[in-house]
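Working notes, structure below.
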Amino acid sequence: MPDYNDDLRLAHVLADAADAATMERFKAIDLKVETKPDLTPVTEADKAAEELIRSQLGRARPRDAVLGEEYGSEGSGTRRWIVDPIDGTKNYVRGVPVWATLISLAVRGEGGDEVVVGVVSAPALGRRWWAAKGSGAYSGRSLSSATRLHVSRVGRLEDASFAYSSLHGWEEAGRMEGFLHLTRNCWRTRGYGDFWPYMMVAEGSVDICAEPELSVWDMAANDVIVREAGGRFTSLEGESGPFGGNAAASNGLLHEELLGYLGRS
């Protein structure tokens, strides 16, 4: 199996640079905010963080492709870095500390693209999570000071904690009925949103989570972290990986039940 430790170390360096850029402008009273064509906000910090990451990748991995939320796709080849400079921009704009930079590496093989490295860095929370294929998932302040992550062993839906982002997306996707049935059958439901529910699944504090519409940069880093913690990450239709346009993540034991509720349309 290939060793991705050098790529993981690079992803941490990239996350350090992004953290410095985003924290410098977090809660700034003169923060510049624009509205993108899809009516979502983008800040100067989103753009600055992605520019920093792209610049460092250009020097350290010049042959690799890059896909980012703010500046699109660049380059080609079998290795592609996928970047969301601020996942949770609406929180960032309002001063809510639940946002993160998501950095991942996908490698193309015979079966298609697979995410092999992922880092999720949430500096306002003082948290960071990461994983590399075959090496496990971890959380901590650095590679040398980390705790290995494991998903929960909850095996019954009535004992499970379910996390999601919002209600209206499920209605727009025509999946509200299944979503409501699921919430009624779980022990607990909470709308944490964005990257955080997936990290909670990896840590074992949440058992299942899902979102009805996402871009690959919202999911790629979360995918490998959940999988390396022992869980499953698929689309709502059961397609493995972060390329299906939506997401379902679980401890594995509850995954088929989760898909049974939310895969309905």
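If you count the sequence shown from 1, you need to add 841 to reach our numbering. Quick reminder that beta carbons are idealized off the backbone N, C-alpha and C, glycines included.
Selection from the options that minimises the alpha carbon distance to residue i
i, options, result
"K873", "M864, S1081, T884", "T884"
"I1066", "P1038, R920, G1104, H1022", "P1038"
"A1051", "L855, L1100, R1068, T863", "L1100"
"A869", "V992, E875, A886", "A886"
"V854", "E910, P878, T942, R921", "T942"
"D1064", "W971, A852, P878, A965", "W971"
"L1094", "E910, G996, V948", "G996"
"A852", "L898, P878, V992", "L898"
Contact check, residue i vs residue j, beta carbons under 9 Å
i, j, result
"I1049", "S1076", "no"
"K974", "E951", "no"
"A1061", "G959", "yes"
"R904", "G913", "no"
"E1097", "G977", "no"
"A889", "R866", "yes"
"I923", "V907", "yes"
"V957", "Y845", "yes"
"W940", "T863", "yes"
"D848", "L946", "yes"
Backbone secondary structure at residue i - three-state DSSP
i, result
"S896", "helix"
"V939", "coil"
"R1108", "Not covered by the structure: residue 1108. The range shown for the chain is 842 to 1106."
"D816", "This structure cannot speak to residue 816, because the chain is shown only from 842 to 1106."
"T988", "strand"
"D954", "strand"
"A965", "coil"
"E1097", "helix"
"V854", "helix"
"D925", "strand"
"Y1102", "helix"
"V995", "coil"
"T884", "strand"
"Y912", "coil"
"T919", "coil"
"L872", "coil"
Inset, instruction - Give a yes or no on contact between the segment 927–934 and the segment 1067–1086, applying the rule of three or more CB pairs nearer than 8 Å. - result: no
Legend entry - Completely contained alpha helix (DSSP H) runs for the segment 997–1080, where each covers 4 or more residues: 1009–1013, 1017–1026, 1037–1044, 1057–1069
Inset, instruction - Spell out a yes or no on whether the segment 854–864 and the segment 987–998 are touching, meaning 3 or more CB-CB pairs, one atom from each, closer than 8 Å. - result: no
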